[in-house]
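In what follows, a single structure is set out as structure tokens and then discussed.
Protein chains: 2
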Amino acid sequence: MNDDQKQRAQSIRFGARGDKAALEAGAGFAPKFDADGLITAVAVDAVTGTVLMVAYMNEESLRLTLACGEAVYFSRSRQRLWHKGEESGHVQKVVEILTDCDQDALVLRVDQRGPGACHTGYRSCFYRAVAVAGDEAGLRVVYPEKGYDPASVYRSGKAG
Amino acid sequence: MNDDQKQRAQSIRFGARGDKAALEAGAGFAPKFDADGLITAVAVDAVTGTVLMVAYMNEESLRLTLACGEAVYFSRSRQRLWHKGEESGHVQKVVEILTDCDQDALVLRVDQRGPGACHTGYRSCFYRAVAVAGDEAGLRVVYPEKGYDPASVYRSGKAG
């Protein structure tokens with residue numbers, strides 16, 4: 166994102182958290198950030214609806230997302246802003262941001278650029294299903310195949 | 166759920182959290198619960214893929230979900246197990262549970278019984294989109310109409 170977008174982000178105002186009725190039916194956007202200052206953000210493919218990934222945003226990353234039109238998350242493991250695709254080029258163009266009844270979660274409908282959202286090479290991070298055999302909970306891959314070779318994209322070995 | 170299912174839930178074993186490679190490519194299911202003992206669970210319509218709601222599970226609720234085949238969450242606001250539909254009858258039959266690369270989030274593909282998942286009367290909790298006008302971030306309803314009248318379903322005024 167450029168400096169204009171960063172400046173624009175600072176000017177965006179959210180509403181105040183009102184009562185339950187106002188949160189559920191009002192026209193104000195008053196996102197709730199948790200004790201760590203984060204809100205859950207689920208990225209879904211804008212066309213197919215497939216869940217691509219679950220991530221988190223702090224207030225700054227949500228403002229930046231609104232200002233630049235690409236998903237900017239807050240990485241909990243790295244404790245910093247994470248402009249998705251900053252390293253891989255696999256940015257997520259935001260088509261629409263939805264919020265839920267009590268405004269403590271977001272769904273980003275995105276146009277996922279490049280072959281995939283997941284650093285493992287799959288299009289979606291949710292490529293495995295839980296399968297219980299006997300008493301043991303295991304996993305099986307439900308996604309047909311990887312869309313790309315991550316080694317050819319990530320030099321650092323980290324997602325991005 | 167019945168007593169057999171509750172007993173069955175206790176016998177289900179998860180895998181140990183291994184290294185990054187094992188978590189991403191191994192066959193063991195080793196869900197990561199956060200500092201509050203919770204994992205994010207996104208419920209989506211198994212047929213359409215629409216995100217219905219974002220909720221949380223603790224280890225017990227995840228075991229119960231696997232044992233009884235219906236979504237059991239942990240309500241953060243009420244700090245107790247929440248068998249979705251326990252009051253409204255709008256249970257979520259679990260078709261498949263997916264987990265992501267690092268196994269710290271779940272997607273539940275569900276058959277949502279009844280007219281909707283949201284206590285407000287909408288089928289999905291995500292019935293509004295963020296719309297920025299000038300510097301003000303507001304919301305507009307993107308879901309066409311409510312599927313039911315919540316007052317006819319919830320006696321207590323709480324979701325369920």
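Protein sequences, first through last, are from chains A and B. Per the working numbering, residue 166 is the first one in the first sequence, and the count goes up by one each step. Per the working numbering, residue 166 is the first one in the second sequence, and the count goes up by one each step. From the three backbone atoms N, C-alpha and C, an ideal C-beta is built for every residue, glycine too.
Counting along the chain, A186/A sits inside the alpha helix (DSSP H) bounded by residues 185-190. The segment 171-181 of chain A and the segment 214-231 of chain A touch, with no fewer than 3 CB-CB distances between them shorter than 8 Å.
Counting other Cβ atoms within 10 Å of its Cβ, V212/B stays below 16 and is therefore classed as exposed.
Exclusion of the five residues before and after V260/B leaves A211, R274, V275, D276 as the residues of its chain whose Cβ lies within less than 7 Å of its Cβ.
A residue is called buried once 16 or more other Cβ atoms fall within 10 Å of its Cβ, and A302/B is buried on that count.
E224/B and G202/B do touch by the CB rule: their CB atoms are close to 7 Å apart, below 8 Å. P196/A is not a Cβ neighbour of L246/A, given a cutoff of 8 Å.
In the structure shown, the three-state DSSP call for L203/B is coil. Counting only residues of its own chain and dropping the five nearest sequence neighbours on each side, F194/A has a CB closer than 8 Å to the CB of F179, G180, T264, Q268. With respect to chain B, the C-beta atom of R245/A has no partner C-beta closer than 8 Å. In terms of Cβ geometry, V256/A and R288/A do not form a close pair [threshold 8 Å].
From the beta-carbon of E235/B, no residue of chain A is found nearer than 8 Å; the closest lies around 15 Å away.
Between V219/B and A208/A a beta carbon distance of about 12 Å is seen, past the 8 Å cut, so the two are scored as non-contacting. In the DSSP assignment, A232/A falls outside any beta strand (DSSP E) and within the unbroken alpha helix (DSSP H) covering 224-233.
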